[in-house]
Amino acid sequence: MSVSEYPSTEQRFAGGTSMAAAIIMVTVGVIQFFQGIAAVAENDVFVVGVDYVYKFDLTTWGWIHLVLGALVAIVGLALFTGAGWARVSAIIVAAISILANFLWLPYYPVWSLVIIALDVVVIWAVSTWNPEKV
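The sequence shown begins at 1 in the UniProt record's numbering and counts up one residue at a time.
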């Protein structure tokens, strides 16, 4: 094997990070799903603050997080295969998750920022990883 046939350090890092991204997506999806259940159940878990431009009913947000959490977890599981459609789906779903969590900021700010940061890592890892070069 010549030196040029070995994967670059960036590709090895992106490949490892993509597998970590799959784990992150499954974990975030499950937690978002449970967060949605908490919002639908209308527990006293969430404190609704001042009026917000993107304010929805807490039950509506709960259903959004239920569906989004299930979708993120399913795409995260599919990402383990490294298939092209799973990688494209992961980027799209992570972008939607960023948007949803930005709008969710007034309800759960710290967790929303953590998920946004993790989604950015997922998008970077999946977009730079080329499975054929590993």
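For glycine and all other residues, C-beta sits at the position ideal for the given N, C-alpha and C.
Tell me whether residue i, by its Cβ, gets closer than 7 Å to a heavy atom of the ligand GDP.
i	result
H65	As far as ligands go, the structure on display features none, and thus does not contain the ligand GDP.
Between the Cα of residue i and those of the options, spot the shortest distance and give me the residue it belongs to.
i	options	result
S97	A22, V120, L58	V120
F56	L103, W129, L71	L103
F34	R12, W63, I23, G84	W63
V72	W129, L118, Y107, L105	L118
L66	A83, L105, V93, I31	I31
A70	G36, A95, G84	G36
M25	Q11, Y108, A95	A95
For residue i, collect the residues of the same chain with a Cβ closer than 6 Å to its Cβ; drop the 5 residues on either side in sequence, then sort them by chain order.
i	result
W61	A39
I116	I98, N101
A22	G76, L79, F80
R87	V126
W111	none
Can you find the residues in the same chain that come closer than 8 Å, C-beta to C-beta, to residue i, ignoring five residues on each side of it along the sequence?
i	result
I74	G29
If I follow the unbroken alpha helix (DSSP H) through residue i, where does it start and stop?
i	result
D111	Rather than Asp, the amino acid found at residue 111 in this sequence is Trp. From DSSP, the alpha helix (DSSP H) with W111 extends over 109 to 128.
T60	58 to 79
A86	84 to 103
A20	9 to 40
Excluding the 5 residues flanking residue i on each side, which residues of the same chain have their C-beta closer than 7 Å to its C-beta?
i	result
S127	I91
A14	A125, T128, W129
Quiz item: Are the segment 75 to 83 and the segment 15 to 25 touching by the rule of at least three beta carbon pairs closer than 8 Å?
Solution: yes
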